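Just below is one structure, and these are the notes that go with it.
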Amino acid sequence: MSKSTVGMDSSSLVGVRREARKVSRRVNREAPRERLERLGVSSLSDAELTSLVLRTGVRHLDVLSLAQVLLSDVGGIQGLAALSLRQLTMHFGLGRAKSASLLAAWELGNRLASSPQLDPGVPILHPQDVHRHFFQRLRRLREEHCFVLILDGRNRVIRESQVSVGTLTSSLVHPREVFRVAVRDAAASLILVHNHPSGDPAPSRQDLDMTRRLVEVGHLLGIRLVDHIIVAESGFYSFREHDCLEGDS
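Counting in numbering that gives the first Met the number 0, the sequence shown tops out at residue 248, every number present.
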């Protein structure tokens, strides 16, 4: 981040206000909501859209100026979307309510970006199908999230279920959590998906051990692990494509 707005003294606040006034002179000061109604939502700048999510400003800064300063501070909307709730609340002017609203807006966008690609009844033909579905949702998460795609006997999606949220380096998924969902939905097979916040999709030793255990439990239950796919910023890793599903036949 270019500078921190945490714990500002009076001289720092003067600098923020001066920067906000400077930026404000370069934009149309018509209210963002009025511009949206008149020209459509696509006409709004990143700062204007952010101001609509924030709704109100803070002392000495109107909401649009607050949005402009915030985006400048974190490097634009990409930097803003990468922040956690704790990091958002540390920024000047952003309490818990505003931070929660921003996170909710990003999550809605992520769900919209990913949801059209894997509908119930659609067959999973390639690992790329799974990667496209999960990439936007998982690429910037700071913790490991683990999902299961439940499939019928023709590799068609029955449903998707999140089975764990872990730490920065571990999703800590247990076979019982994975197969509880699969048994409940009468799955014929399943695909496990999780992300690597590091950006590197290469499997860890823990990933390899977990996959081996899931294959073994799947054989006992008659529910085949079709693939385990790791999604990361730089790409994805398919255990199936790398012949790493030990014991599978």
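Even glycine gets a Cβ: it sits at the ideal position worked out from N, Cα and C.
The structure presented is a predicted model; accordingly, all values stated were derived computationally and were not measured.
Which value, in whole angstroms, describes the spacing of the CA atoms of residue i and residue j?
| i | j | result |
| --- | --- | --- |
| residue 62 | residue 106 | 22 Å |
| residue 185 | residue 45 | 45 Å |
| residue 47 | residue 223 | 49 Å |
| residue 102 | residue 88 | 11 Å |
| residue 123 | residue 204 | 27 Å |
| residue 195 | residue 133 | 12 Å |
| residue 98 | residue 55 | 12 Å |
| residue 119 | residue 139 | 26 Å |
| residue 209 | residue 108 | 31 Å |
| residue 76 | residue 57 | 20 Å |
| residue 243 | residue 148 | 19 Å |
| residue 96 | residue 80 | 16 Å |
| residue 50 | residue 84 | 18 Å |
Counting only the same chain and skipping the five closest in sequence on each side, list residues whose C-beta sits under 8 Å from that of residue i.
| i | result |
| --- | --- |
| residue 0 | The predicted model places residue 0 with a pLDDT of 45, which falls under 50 and marks its position as unreliable, so this point remains unresolved. |
| residue 220 | 178, 181, 182 |
| residue 40 | 48 |
Mind checking whether residue i and residue j have CB atoms under 9 Å apart?
| i | j | result |
| --- | --- | --- |
| residue 213 | residue 174 | yes |
| residue 189 | residue 172 | no |
| residue 145 | residue 129 | no |
| residue 155 | residue 192 | no |
| residue 137 | residue 230 | yes |
Enumerate in chain order the residues of its own chain whose CB-to-CB distance from residue i is below 6 Å, with the five nearest sequence positions on each side excluded.
| i | result |
| --- | --- |
| residue 234 | 200 |
When DSSP builds the beta bridges, which residues end up paired with residue i?
| i | result |
| --- | --- |
| residue 96 | Residue 96 is not bridged to any residue. |
| residue 188 | 150, 223 |
With residue i as the anchor, note down where its alpha helix (DSSP H) starts and where it stops.
| i | result |
| --- | --- |
| residue 132 | 126-137 |
| residue 123 | Taken as a continuous stretch (DSSP letters only), residue 123 belongs to no alpha helix (DSSP H), as it is neither H nor E. |
| residue 47 | 45-53 |
| residue 64 | 62-73 |
Where does the unbroken beta strand (DSSP E) through residue i begin, and where does it stop?
| i | result |
| --- | --- |
| residue 231 | 223-231 |
| residue 156 | 156-164 |
| residue 234 | 234-237 |
So, at 7 Å on beta carbons, what are the nonlocal neighbours of residue i in its own chain, with the 5 sequence-adjacent residues on each side left out?
| i | result |
| --- | --- |
| residue 94 | 88 |
| residue 42 | 34 |
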